[in-house]
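Protein chains in written order, with my numbering: chain A, 1463 to 1834; chain B, 6 to 530.
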């Protein structure tokens, strides 16, 4: 049993790492959301720069989904089938992204370059916003119930049921929206920082630095608001017998109980602020994406850990508290988690070759002559 | 109940739509990936710039096709959750693992190295670039491998055990899942059929250029690689097709019976080479199965068992639980009526287990666990209303199977001829019928796509009504959705994917047309 719990914890950590990487990689979407603020030449520079990276974001999202399916299938079953519209909108926004980079400049693309750029804009805005909303439901709860024995019902009853709006209500919740907007502004901030680092063009860098004032400022305000909401929010706690109940200031208590996460959160915040502020104030500083990226990773990692550990339900049910999902009641079997853990040994190797290729490809910065 | 049927039907339609669109693009990615990797290898070894130009030409088409394959693929993965949430829990413990491995091992490999492949010509060394091209091709094939392992498991659920405490199936052997006979034959058959498509695509595009008298040297170079990959692909696809038939006969006899429109089986069973099914035929009447048919004696017995004298059961035999061994002795297999009875019994035992679990009745739990595991193989039949419900759509399965086999047979001859003409070009050059050959080559491209899609229709329609063979019918696998929601998303996907397909085909055709007018012996960028 102890081994099973260790594996469950390990897989939540893996999911947290993937989630943190995904949020960092949303700089691609953040960059896309700013395409229409740029003139034609700059837009080419930006899409060329992002065109080398979009697939990594896309793949991280797909792997995040696949790994969730493998390690916590009850979440996959409950959230995806329940918050149908929310997930479908997210998926649609990524589908239209996937073809746009390849098609926009191709002769015979039928709909014209502007059409594909508009698709990139839609993905740039909707992707981070809606992913943020989806993650927010994990903190603030969602309208579902889980009854596994429904599987035995011949009349087609489902294990998990959801409210009639199937995810639209999650988008309409102000707390979820606040979270989503924060993720969007973070993505835009990281997007600007990425452009500063990846594109060797002074006019574009000057514009991106100006945009950082707005994007970064809005992000900081929204981040502080989200942290305040999170730390004062109720969460669901589960006792040793598996009984769940709502507890005041649950996430705040989790941070205090797991103080290393608080250190990570603060360190990450400092790094993001450092990368942001130095990039805004120092016109010769173009590597802010790295401290801000590492900071983003640490902040998201700590938030996911706060969400899943310390007997916390990572997916609270607003309709039936006992249906809330925890890493104990929603995970795969010990055997599967172990098999997957063996496979996960290869993750550092995967990260290694990604880093190697990234470095090799980015050694030369994107310039106007290349874009032409 | 009507609403339930609608949700199931629309969810199936949506999944079929996305799967078919996805499969229009994936096989070309798999096949062309290998072809361009071989071409670049030749360039790397010879440093002949004309091979580099040829590699880049096919790489452009690869990129266009790759993007849309990625776009349609993401929907498929998440649809397991959005539209089949009961399924996601019931078998997520097993099914999720290949998907996650696919993401970790294959998708990252593809997405990382494809960027190097397209944008890294001047940024990395030729050796590293070649490695990136091969790793992109290998990543695509690995991705196919894991998703096909997952699909094979749905057709032949092995390496797992039902846990009544969690109401789901749990993996007991990873290798049994990854290396089941169904998985091995499915992976090989599918990936090799993609090589066939890649080869036919290259042959067809080159034929189109030759019809217009453009870039003869480029075409000859391309055909040397494309025709070989196509021939190797089609021959191995034929061999693995045979293995697949034996596997299906053993583990999904109902599918095989539907593929052949066989209602009443026999020893030395003939195979229908061509035929028209009788639309009035049902599993419960005595109407003849065919209005017209041309059969080959012993054919099906050989195909299914490699024994010309063997008995092959038909749909009615399987429903009634009748079969015969190689000695001709009657074997009473479990009839579908009995399976339904067993399935219902297991279901009530699982319900009793749930009650005992809450009550903490350990003795009852042990007894029930044992009986549940003993009979669980027929669990899914307990959801059926009648035995005929377990019969797939025979006409669709029969006709698509025969279209696949017919085109497949044509492709064997066609690709061998194409390869022959690569080495004996004089047999073709200057001949009056050459232009008809080139037109046939172009026509072979859509025919191969049709063959490929038919193969999937046979595989998926032929196993209906099961989401998981014998364990979970479609109607139990669904999410808690209203039919109208799924209808809306179905039409959104239909419009979106069709629009993307139009753009994809348009770009590929224009690229071929435009680039063929340039000198493809020279590197232009």
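We treat Cβ as the ideally placed atom computed from N, Cα and C, and that holds for glycine.
Just the Cα atoms here: how many angstroms apart are residue 41 of chain B and residue 65 of chain B? Whole-angstrom Cα-Cα distance: 10 Å.
Could you spell out where the alpha helix (DSSP H) holding residue 1672 of chain A opens and where it closes? 1664 to 1694
Take residue 240 of chain B as the anchor and find which of B:417, B:316, B:147 has the nearest alpha-carbon. Checking every option, the nearest Cα to that of residue 240 of chain B belongs to B:417.
Sequence-distant residues of the same chain with beta carbon closer than 7 Å to residue 325 of chain B, five excluded per side: Closer than 7 Å at the Cβ level, and outside the excluded window around residue 325 of chain B, lie 340.
Within a Cβ cutoff of 6 Å, which residues of the same chain sit near residue 1478 of chain A, ignoring the five residues on either side of it in sequence? 1763, 1766, 1767
From the beta carbon of residue 113 of chain B, is the nearest beta carbon of chain A less than 8 Å away? yes
So, are the CB atoms of residue 157 of chain B and residue 127 of chain B less than 8 Å apart? no
Hey, out of B:57, B:95, B:45, B:120, whose CA is closest to residue 68 of chain B's CA? It is B:120.
Which of helix, strand or coil DSSP assigns to residue 477 of chain B: strand
Can you grab the Cα-Cα spacing for the pair residue 1666 of chain A / residue 1747 of chain A, in whole Å? Taking the straight line from one Cα to the other gives about 14 Å.
Mind checking who residue 1707 of chain A pairs with in its DSSP beta bridge? A:1699, per the DSSP bridge assignment.
Can the beta-carbon of residue 1711 of chain A be found less than 8 Å from the beta-carbon of residue 490 of chain B? Cβ atoms of residue 1711 of chain A and residue 490 of chain B: not closer than 8 Å.
When burial is assigned at 16 or more other CB atoms within 10 Å of the CB, is residue 438 of chain B buried or exposed? exposed
Report yes or no: do the region 207 to 221 of chain B and the region 259 to 278 of chain B share at least 3 C-beta pairs separated by less than 8 Å? no
Whose C-beta lies closer than 8 Å to the C-beta of residue 312 of chain B among residues of the same chain, with five residues either side of it excluded? 306, 331
Measure the beta-carbon distance from residue 57 of chain B to residue 111 of chain B and round it to whole angstroms, keeping in mind my assumption that it falls under 8 Å. The Cβ separation is near 27 Å, so there is no contact.
According to DSSP, is residue 335 of chain B helix, strand or coil? strand
Below 6 Å CB to CB, which residues in the same chain sit around residue 1512 of chain A once its five sequence neighbours on both sides are set aside? 1490, 1493
Neighbourhood of residue 346 of chain B by C-beta, 7 Å cutoff - its chain only, sequence neighbours within 5 removed: none
8 Å Cβ cutoff, residue 1620 of chain A in contact with chain B: Judged by the 8 Å Cβ criterion, residue 1620 of chain A is in contact with chain B.
Can you find the residues in the same chain that come closer than 8 Å, C-beta to C-beta, to residue 519 of chain B, ignoring five residues on each side of it along the sequence? none
How about residue 1612 of chain A and residue 1651 of chain A: do their beta carbons lie closer than 8 Å? no
Closest Cα partner of residue 1836 of chain A within the set A:1749, A:1469, A:1754, A:1465: Summary: the structure shown does not reach residue 1836 of chain A, with chain A confined to residues 1463 through 1834, and so no result is reported for it.
Please confirm whether residue 568 of chain B and residue 1620 of chain A have their CB atoms less than 8 Å apart. Since the first and last residues shown for chain B are 6 and 530, residue 568 of chain B lies out of range.
Neighbour flag for residue 1829 of chain A against chain B, beta carbons, 8 Å: no
Can you tell me the Cα-Cα spacing of residue 1468 of chain A and residue 101 of chain B, whole angstroms? 20 Å
What separation, rounded to the nearest whole angstrom, lies between the Cα atoms of residue 93 of chain B and residue 1544 of chain A? Cα to Cα, the separation comes out at about 12 Å.
Who are the neighbours of residue 51 of chain B on chain A, taking C-beta pairs under 9 Å? By Cβ distance, chain A contributes nothing, its closest Cβ being about 25 Å from residue 51 of chain B, past 9 Å.
Meets three-Cβ-pair contact criterion under 8 Å: the region 501 to 510 of chain B and the region 44 to 53 of chain B: no
Interface residues of chain B around residue 1560 of chain A at Cβ under 8 Å? 72, 73, 75, 76, 79
Please give the ranges of any beta strand (DSSP E) in the region 1612 to 1671 of chain A, keeping only runs that are unbroken, at least 3 residues long and fully inside the region. 1622 to 1624
To be precise: take each residue of the region 362 to 382 of chain B, compare its Cβ to all Cβ atoms of chain A, and keep it if any distance is under 8 Å. Which residues remain? none
Just how far apart, CA to CA, sit residue 173 of chain B and residue 96 of chain B? 6 Å
Selection from B:59, B:525, B:517, B:509 that minimises the alpha carbon distance to residue 76 of chain B: B:509
Does the beta-carbon of residue 19 of chain B have 16 or more other beta-carbons within 10 angstroms, so that it is buried, or is it exposed? buried
Quick one: give me the first and last residue of the alpha helix (DSSP H) that residue 298 of chain B is part of. Per DSSP, residue 298 of chain B belongs to no alpha helix (DSSP H); it is in the beta strand (DSSP E), 295 to 301.
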